[in-house]
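Numbering (my numbering), first residue to last: 56 to 470. Here a beta-carbon is modelled for each residue, glycine too, at the ideal position from N, C-alpha and C. Each remark here refers to the structure printed beneath this line.
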């Protein structure tokens with residue numbers, strides 16, 4: 056199947072027939088970027104690669120843009136240790152530590168500008184966050200929607216009548232719908248994660264074209280890896296869980312097909328903090344969806360093993376790991392900017408073992424995030440605690456050396 060034919064087949068799978076004009080706009084976007092996204096000196100990926108995740112202002116010096124300071128620090132001290140740097144959202148944002156983006160195409164001037172981002176490329180490959188499930192309520196897009204601008208009226212999801220949404224998977228305990236006052240009166244708008252993070256409407260094909268243009272722009276600015284944030288929630292369909300829907304997978308396949316045409320060196324990684332078996336679905340057939348999938352079951356399993364001195368669940372899980380092809384791989388990690396997800400080990404650990412992870416976190420002065428279940432009750436979703444403290448109870452009279460050895464052992468298991 057030719058590349059354009061494949062694109063068209065995926066497009067029609069998502070939108071059916073009758074959206075030819077939007078599809079032609081997609082092809083025009085591809086033509087505009089073709090030949091304008093040079094690959095980095097090295098494009099392969101193997102077990103020797105080490106990824107650093109960092110906020111853009113993690114390292115600071117007076118009278119310097121934080122991104123410049125961070126770039127200089129990484130080049131001086133990390134060039135022999137790290138091959139990929141994941142710069143957490145450096146765009147203007149309004150909440151959630153960067154994951155409520157106000158302007159997708161700008162670098163927040165508090166951090167620097169695009170030249171500071173590109174300075175990393177001399178020694179590192181870069182991962183950018185593609186926060187494309189939702190956008191800030193303070194963004195020009197959503198403010199335009201509220202003011203009645205025609206361009207943005209189909210960018211967001213409104214529920215005007217009483218609809219049974221009890222089947223929708225909730226990763227939070229906040230309301231799914233948030234009322235906003237618009238030029239046409241009050242409307243209830245879909246907000247999966249918070250009232251400041253407004254979900255985008257991918258039933259609008261023009262929006263998808265706009266977001267693919269954005270992803271190509273990121274690649275042009277130096278992204279060799281694109282982390283598709285909260286991607287499992289992308290497509291909404293009434294009467295379903297609005298999670299892992301076929302259209303979501305088709306959109307990922309479309310994005311993959313686009314990059315294979317325009318910039319085949321770019322790798323897609325899906326952020327899908329869900330049970331392990333569901334997480335694996337984002338590999339697709341091993342050649343058509345994500346190149347990398349976060350190994351979300353790893354952090355809670357290592358934590359359980361070292362807290363309890365029992366590696367049986369971990370060993371059994373490791374023995375079961377399989378990849379659908381040699382074109383994809385897991386991204387192994389223990390800690391990130393998020394908490395330690397509980398969902399990924401449901402079906403691997405028993406419920407009482409999961410409860411022990413939760414109680415142990417609270418005993419260590421950590422916090423627990425909850426989600427709302429379909430029956431209206433709440434269930435633990437993430438453990439919010441430093442991984443070092445999660446492993447070693449600071450209240451115990453243990454020598455620091457033992458804490459460090461335990462922490463190193465955890466990372467040995469990760470590797």
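Looking only at its own chain, which residues have a Cβ that is under 6 Å from the Cβ of residue i, when we skip the five neighbours before and after it?
i, result
"residue 337", "325, 327, 344, 345 and 348"
"residue 207", "196, 199 and 200"
"residue 268", "84"
"residue 74", "260"
"residue 92", "274, 275 and 318"
"residue 429", "221"
"residue 263", "257"
"residue 369", "356 and 360"
Per DSSP, what kind of secondary structure is residue i in: helix, strand or coil?
i, result
"residue 254", "strand"
"residue 290", "coil"
"residue 159", "coil"
"residue 301", "helix"
"residue 331", "helix"
"residue 137", "coil"
"residue 189", "strand"
"residue 313", "helix"
"residue 461", "helix"
"residue 217", "coil"
"residue 446", "helix"
"residue 197", "helix"
"residue 259", "coil"
Compute the distance between the beta-carbons of residue i and residue j, then report whether it is under 8 Å.
i, j, result
"residue 295", "residue 222", "yes"
"residue 322", "residue 100", "yes"
"residue 358", "residue 395", "yes"
"residue 403", "residue 437", "no"
"residue 284", "residue 188", "yes"
"residue 246", "residue 231", "yes"
"residue 421", "residue 444", "yes"
"residue 69", "residue 302", "yes"
"residue 248", "residue 227", "yes"
"residue 216", "residue 238", "no"
"residue 88", "residue 120", "no"
"residue 277", "residue 181", "yes"
"residue 40", "residue 94", "Nothing about residue 40 can be reported from this structure: the residues present for the chain run from 56 to 470 only."
"residue 65", "residue 305", "yes"
"residue 192", "residue 253", "yes"
Between the alpha carbons of residue i and residue j, how many angstroms are there, rounded?
i, j, result
"residue 432", "residue 413", "17 Å"
"residue 114", "residue 194", "27 Å"
"residue 289", "residue 329", "14 Å"
"residue 446", "residue 387", "18 Å"
"residue 118", "residue 132", "21 Å"
"residue 271", "residue 282", "13 Å"
"residue 130", "residue 462", "26 Å"
"residue 62", "residue 425", "39 Å"
"residue 81", "residue 183", "22 Å"
"residue 298", "residue 452", "45 Å"
"residue 293", "residue 67", "20 Å"
"residue 350", "residue 240", "44 Å"
"residue 159", "residue 78", "22 Å"
Excluding the five sequence neighbours on either side, which residues of its own chain have a C-beta within less than 8 Å of the C-beta of residue i, listed in chain order?
i, result
"residue 163", "111, 145, 146, 147 and 148"
"residue 116", "124"
"residue 457", "447"
Excluding sequence positions up to five away, which residues of its chain have a Cβ less than 7 Å from the Cβ of residue i?
i, result
"residue 168", "162"
"residue 379", "338, 340 and 341"
"residue 400", "352, 355, 356 and 409"
Notebook entry, point to check: Does the segment 126-138 come within contact of the segment 170-179, defined as at least 3 CB pairs closer than 8 Å?
Noted result: yes
Next item on the list: Specify whether the segment 135-152 and the segment 101-120 touch according to this definition: at least 3 beta carbon pairs, one from each stretch, less than 8 Å apart.
Entry: The answer is yes - the segment 101-120 touches the segment 135-152, with three or more Cβ pairs under 8 Å.
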